[in-house]
Amino acid sequence: MSNIKIQSRMDDLTLKLNTSEDYLKESQNIFNKLNAIYLNEINIKATSEDYKFNVERSKRILLQKEAYEYQATNSVELNKLKSEIEKLKSEIELIQPSTSSKNARRKNTLPRQIQSPKFQRKIHNINPFPDKNNILQ
């Protein structure tokens with residue numbers, strides 16, 4: 001009888017060992033599934049943040065390109081306007097002679113009495129004998 005008791009006891013223990021091994025395998029499977037779900041969620045969050053970052057970066061790059069294009073078109077327009085202004089100035093100079101050349105011709109043809117130093121003082125309001133009060137001013 002003792003052999004039968006030992007054998008039954010041994011069978012009970014092996015049955016319990018098998019069931020505990022089954023529970024252990026199930027718990028490991030559940031743990032692996034939960035771990036996979038957790039890692040998947042982390043990867044999804046990371047990829048969504050990377051995606052958002054990449055979207056924002058691409059928007060910034062596109063805006064920079066647009067700004068450069070606008071700047072280029074503005075500089076082209078500015079250069080066109082400058083060239084038009086220069087053309088108009090040259091046309092005006094062709095139509096009207098320069099006043100500075102007229103003034104130079106007039107200065108060269110002044111009569112002798114105007115060229116005298118005494119008369120030039122009168123023209124330019126130069127006083128040969130300045131007052132003491134005027135010197136300080």
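Per the UniProt record's numbering, the very first residue in the sequence shown carries number 1; after that it's consecutive. Here a beta-carbon is modelled for each residue, glycine too, at the ideal position from N, C-alpha and C.
> Considering only residues of the region 9 to 61, which uninterrupted alpha helix (DSSP H) runs meet the minimum length of 4 residues and lie entirely inside it, listed in chain order?
Replying inline: If we require 4 residues or more, the region 9 to 61 turns out to have no alpha helix (DSSP H) run fully inside it.
> Using the C-alpha atoms, what's the distance from E93 back to S75?
Replying inline: Stepping through the sequence shown from its first residue, residue 75 is reached at position 75. Stepping through the sequence shown from its first residue, residue 93 is reached at position 93. Straight-line measurement puts the Cα of E93 at about 27 Å from the Cα of S75.
> Rounded to a whole number of angstroms, what is the C-alpha to C-alpha distance between T47 and E84?
Replying inline: Taking the first residue of the sequence shown as position 1, residue 47 is located at position 47. Taking the first residue of the sequence shown as position 1, residue 84 is located at position 84. Taking the straight line joining both Cα atoms gives about 55 Å.
>> Please report the distance separating the alpha-carbon of L17 from that of N43.
In response: The residue given as residue 17 occupies position 17 in the sequence shown. The residue given as residue 43 occupies position 43 in the sequence shown. Taking C-alpha positions only, L17 is separated from N43 by approximately 38 Å.
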